[in-house]
Amino acid sequence: MQKDWEQLARQLYEEPANPGKEDVESILVEEAEKKRIAELSGKVDLYFKIKQYNTPKAYAKVNTQIHRRKARSGSRIVTLRTLKIAAALVFALFVVSTAYYVGKQQLSGQNLAEIKVDDSGLSQVELADGTIVTLNRDSKINYPDQFGSSKREVSIEGEAFFEVTPDPSKPFIIRAGEATIRVLGTSFTVNAYPGNDRIEVIVATGKVQFSKNDVDQAMNRLLLNPGEKGTFENRSKQLIKSLNADPNYLAWKTRSFVFSETSLKEVISQLNKVYRVQIELNDLSLNDLLLNAHFEKEPLDFILKVISETHGLSVSRTGEHYLLKKEA
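Below is the structure:
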């Protein structure tokens with residue numbers, strides 16, 4: 019590439035020169051043209067750093083060849099015509115490199131992937147930075163194949179558990195409906211199903227900033243620590259911070275349940291959510307029965323058997339519908 023520049027400089031300089039009057043005005047104009055070329059060359063360098071191309075060095079080569087020719091000839095001077103041609107070349111390089119840079123940026127912004135999980139099961143994806151995302155059923159995530167230099171941004175609908183790779187120089191940002199979650203490195207769950215009346219974030223480790231979209235005021239964001247939950251109410255647009263009182267908030271991912279003096283109504287609600295079935299009680303009085311149990315990745319039939327034997331109930335099943343009732 020440098021040889022091409024040198025050859026170009028020779029061709030430009032060896033053209034027949036038609037110098038005008040060497041007065042003060044022409045010298046000032048020439049100096050202005052030189053300054054303009056230098057400024058354009060500096061801009062070219064900013065864009066060609068992408069290709070590791072040393073534009074100032076190349077420009078210096080051209081300038082050196084011109085001045086060497088001038089020293090040898092003794093009488094020939096750099097004309098305005100030559101300077102304008104050189105300026106045009108530098109400007110052309112500036113335009114091309116700008117187009118390349120902008121085109122590359124637009125192209126990378128379009129390289130988005132989407133993973134959508136239906137009702138058949140869970141899905142796990144590893145992002146370019148090593149972050150692991152586990153998606154619950156009926157959820158989807160959009161993410162770039164490569165993150166930019168200043169941030170890592172994704173969007174989500176549904177429920178997902180994030181294990182974010184720490185990187186203080188690149189905050190991890192999640193867009194979820196009208197809320198934004200911002201972290202550096204932590205693990206947490208996001209529940210943002212489009213039909214729900216709220217968006218929830220529960221932090222397992224690290225710290226999470228939970229806020230309304232594109233709002234910087236302190237009153238419109240929450241800082242969540244491990245064990246805390248942030249809630250964004252879609253109707254009132256309010257942010258609420260509280261302690262997470264649900265030990266089974268990750269049961270959809272882990273298939274592990276902890277029930278401690280838990281009402282049968284709540285137990286059944288949890289099982290219906292995780293296993294995507296319909297379990298009912300034939301008597302409302304059964305809702306208040308309490309259960310103490312810990313299940314670690316047990317099948318649903320086993321859990322229902324424990325419940326029925328604990329409280330003297332019978333279980334009948336029709337497809338995905340289960341009915342618990344008192345034994346006669």
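So that you can map any letter, position 203 of the sequence shown is 221 in the working numbering, and since no number is skipped, the others follow by simple counting. Using N, Cα and C, we set each Cβ at its ideal position, and we do this for glycine too. Since the model is a prediction, treat every value here as computed from it, not as a measurement.
Bounds of the alpha helix (DSSP H) holding K283 are L282 to Y293. A contact between stretches requires three or more CB pairs, one per stretch, nearer than 8 Å, and the region 209-224 meets this requirement with the region 238-253. Just measuring C-alpha positions, the residue of P162, I133, T280 and R193 sitting nearest D306 is T280.
V295 is the residue among F320, K134, V295 and P244 whose C-alpha sits nearest the C-alpha of T336. In this structure, DSSP gives T249 an extended state, which the three-state scheme calls strand. Straight across, the Cα-Cα distance linking K283 with V226 is about 32 Å. Assignment of beta strand (DSSP E) within the region 140-228, counting only whole runs of 3 or more residues, yields 141-144, 150-153, 157-162, 170-181, 190-194, 197-201, 205-210 and 216-223 in chain order. CA-CA distance, P189 to G203, rounds to 8 Å.
Our two residues, I133 and N160, have alpha carbons roughly 7 Å apart in a direct line.
E314: member of the beta strand (DSSP E) spanning L308 to E314, first to last residue.
Here S260 is bridged, per DSSP, to K247. When DSSP states are grouped into helix, strand and coil, L302 belongs to the helix group. Taking C-beta separations shorter than 8 Å and ignoring five residues to either side along the sequence, the partners of S334 in its chain run Y340, L341 and K343, following chain order. Separation of the CB atoms of V221 and F180 is rounded to 10 Å, and the pair is thereby denied contact status at 8 Å. By the Cβ neighbour-count rule, F206 is buried, with 16 or more other Cβ atoms within 10 Å of its own. Pairing K169 with S157, the inter-Cα distance amounts to about 23 Å. DSSP, read as helix, strand or coil, puts L268 in coil. In the same chain as N262, and ignoring 5 residues on each side of it, the C-beta atoms closer than 7 Å to its own belong to I220, G245, E246 and K247, in chain order.
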